[in-house]
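Okay, structure first, notes after.
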Amino acid sequence: MKNSYYLRRIAIIAIVICTLLVNIYTLFDIIAFPWKLAPDVTMHIKRFEALRQELPSRGIAGYISDDTADDYASEIRIYLAQYSLAPVILVRSLDQQLVVGNFRNSSPDLEIYNRMGLIPQKNYGSGVVLFKREF
Amino acid sequence: MFVKLCLSMLLPLSIGFLLLDICLSMERKIPEVFLLKCSLAVGLGFGITSCSYFLCLLTVGPTITGLILSEAGMFVLLMILFIYTGKAPTSNEYDIGNEKTLHDLKLSRILSIGFGFVLLSAFANFVALELHTPHGAWDSWAIWNLRARFIFRGGEYWTDAFSNLLSTYQHPDYPLLVPLTVARSWSYIGKETQVVPITVAFFFTFAIAGIIYSALTILRSKSQGILAGLFLMSTTIFIFLGAYQYGDVPLGFFFLSSIVFIFFQERFPKNYNLSLLAGAMAGLSGWTKNEGLLFLLCLFLVCSSLTVFSSDRKEHMKQLAYLALGSVPFLLMLIYFKINLAPPNEIVSKETIMREVIGKLGDYSRYVKILKAFIIYALLNFPHFLLLIVYPLIFRIKIDDTSKKSIIISSVVLVLMFTGFFLVYQITPHDLDWHLEKSLPRLLAQLWPSILFTYFMIVRTPEEALMK
């Protein structure tokens, strides 16, 4: 009876200590290894700030990028562009009057896109370009 | 900006608090009762104001005047009722748990101080995460905050947020509580600021701790409340999802709140407002995320079944009616949204659905894979599970007579929820491994507060276990 009393007492104290240690370890982990966390998207969003001011307040815009594969990273890039440029809706298509270019290369070769019928309207730097589609 | 931000946050919290105070008629001077009301007020207040904002958008459009008038009207009306009901005698039955305090003062102090430090460290983790990722993670910027931006920036074209041109991965069909709460505050402030989604996430995350601690303190004992709070606040994934501004934490809030009210209803059977609030919280879970609809369905199924087999059928019928009544306003809002605004859900909208579903349901390798994933992800993200298995071996189990029915309801609902999640994975049109990896830890986190609460309603309290 007495033994179980002490066992329970120790168990409660152990829970308090363990839970506290878990949180302290987590804090250390967050501060020491920030690369393990979800990436901060603030910089990505800032790239689009100037373009957002000049886009119409509503509508649909095309989207083009130099992503080579249709992978998770390229998905993230278009969703971040969408998050930055809302309420304009971005669609993966060139059949729109305005097309947003989101390139990994900060100074893309715009001539390639010119041949696709996309006339560069403004280069905002950091790989963000606004094109006008020539139909 | 600070004043407007405070106003935009205080109004819903006040509305939620006043409504709870009027409905519960609990003794106002007990600190745990006050904490319980404050914590529950977070979800109820944000839920109600998100609905009133939705109605404003639908009727008068995105004008701040309509929004302020509707909320101020609600506040004044509730304030009058609050003053009126303040004169009525309050129930003093709610201080039951407070009388059961730990005789071992040293241990009691260790528990209280330990809980304080764990809360503080959880808060530090939350702040550190927000400093690193103020925009949250994938779901927050790809779904919740994106739609808040569409609604706020879109003006009269706010319904563009539900355009079927948006990717299905951005879930334009998801319900609106979180994005409307954020957009509503931005409307008050007059501009976008990340402080809003961060504050909303903070309120929901720590209100869950408030509910679990105060409800268990009232229903069982203070040490029991602290123990459950310790487990919850040291669950790393829970704090991470909260800080990442995911919708899963608000959803977990509503699951827990609804279950807490079910327990209170059994303890205080004559106060039908408790069932009304349980229904309201379940309805709000449907207004938060699609999984909330599954919860609502499971809750009604279980409560209806209990009513059928109950000896006191009349009483249970009445409670069931109040439960349904509480969920109706939010369900109506959700039905309107789903029918008129939302595009179809990607899991249920495939043309080949029947053929695919039948094929997948017969694939036993998928069952095995999903079961394995449930166990692995549960142990990886919620290592506390192991402690919870050992705990009753040391402390033993004791179920109060006034909680038996609620424990059955809560446990069966949780099992049905797990089964529902399991079946969704079984028929998912997405790659199964990818779907499990991306969503299963979050689904488990939604249920985690309710699991902890139910668990600590079953095991003996330290007060009972340490009686010499």
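Chains as they are written, first to last, in the numbering used here: chain A, 1 to 135; chain B, 1 to 468.
Glycine residues also receive a C-beta, built at the ideal position from the N, C-alpha and C atoms.
- According to the DSSP assignment, residue 265 of chain B belongs to the alpha helix (DSSP H) that extends over 248-267.
- Pairing residue 46 of chain A with residue 39 of chain B, the inter-Cα distance amounts to about 36 angstroms.
- Between residue 232 of chain B and residue 208 of chain B, the gap from beta carbon to beta carbon is short of 8 angstroms.
- Annotated as proximal: residue 16 of chain B and residue 44 of chain B, with beta-carbon spacing under 8 angstroms.
- Leaving aside the five residues that flank residue 388 of chain B on each side, the residues in its chain whose CB is nearer than 7 angstroms to its CB run, in chain order, 455.
- Sorting A:3, A:67 and A:86 by C-alpha distance to the C-alpha of residue 165 of chain B places A:86 at the top.
- Among the CB atoms of chain B, one or more fall inside 8 angstroms of the CB of residue 31 of chain A.
- DSSP places residue 157 of chain B outside any alpha helix (DSSP H), giving it a letter other than H or E.
- Rounded to whole angstroms, residue 294 of chain B and residue 65 of chain A show a C-alpha spacing of 39 angstroms.
- Rounded to whole angstroms, the separation of the alpha carbons of residue 195 of chain B and residue 37 of chain A is 20 angstroms.
- Around the beta-carbon of residue 76 of chain B, fewer than 16 other beta-carbon atoms lie within 10 Å, marking it exposed.
- For residue 63 of chain A, the pairing in a beta bridge is given by DSSP as A:100.
- Looking at the backbone, the Cα of residue 248 of chain B and that of residue 117 of chain A are separated by about 44 angstroms.
- Here residue 291 of chain B is buried, its C-beta having at least 16 other C-beta atoms within 10 Å.
- By the beta-carbon neighbour count (other beta carbons within 10 angstroms, threshold 16), residue 322 of chain B is buried.
- In the DSSP annotation of this structure, residue 397 of chain B is not part of any alpha helix (DSSP H), being labelled neither H nor E.
- The beta-carbon of residue 24 of chain A is placed less than 8 angstroms from the nearest beta-carbon of chain B.
- Taken in chain order, the complete alpha helix (DSSP H) segments of 4 or more residues contained in the stretch 128-155 of chain B are 145-154.
- Taking the CA atoms as reference points, residue 407 of chain B sits about 15 angstroms from residue 275 of chain B.
- For residue 382 of chain B, no beta strand (DSSP E) encloses it, and the DSSP letter there is neither H nor E.
- Under the three-state reduction of DSSP, residue 125 of chain A is assigned to strand.
- Straight-line spacing of the CA atoms in residue 273 of chain B and residue 37 of chain B works out to 14 angstroms.
- Not one beta carbon of chain B lies nearer than 8 angstroms to the beta carbon of residue 120 of chain A.
- Identification of chain B residues near residue 34 of chain A by a Cβ-Cβ cut-off of 7 angstroms yields 132, ordered along the chain.
- Close to chain A, meaning a Cβ-Cβ distance shorter than 8 angstroms, is no residue of the stretch 425-439 of chain B at all.
- Residue 131 of chain A has A:99 and A:120 as its beta-bridge partners, per DSSP.
- In this structure the stretch 233-252 of chain B touches the stretch 128-144 of chain B; the number of beta carbon pairs closer than 8 angstroms is three or more.
- Look at residue 47 of chain A: its C-beta is not under 8 angstroms from any C-beta on chain B.
- Taking one beta carbon from each stretch, the stretch 445-453 of chain B and the stretch 404-418 of chain B have 3 or more pairs nearer than 8 angstroms; the two touch.
- In this structure, the alpha-carbon of residue 47 of chain B lies about 12 angstroms from that of residue 19 of chain B.
- Residue 118 of chain B carries a helical assignment under DSSP once its states are collapsed to helix, strand and coil.
- Look at residue 41 of chain A: its C-beta is under 8 angstroms from a C-beta on chain B.
- Inter-residue distance for residue 345 of chain B and residue 289 of chain B is about 12 angstroms (C-alpha atoms, whole angstroms).
- For the pair residue 395 of chain B and residue 8 of chain A, the Cα-to-Cα distance works out to about 7 angstroms.
- Residue pairing by DSSP puts residue 90 of chain A in a beta bridge opposite A:61.
- Residues of chain B with a Cβ closer than 8 angstroms to the Cβ of residue 16 of chain A are, in chain order, 110, 111, 114, 115, 118 and 230.
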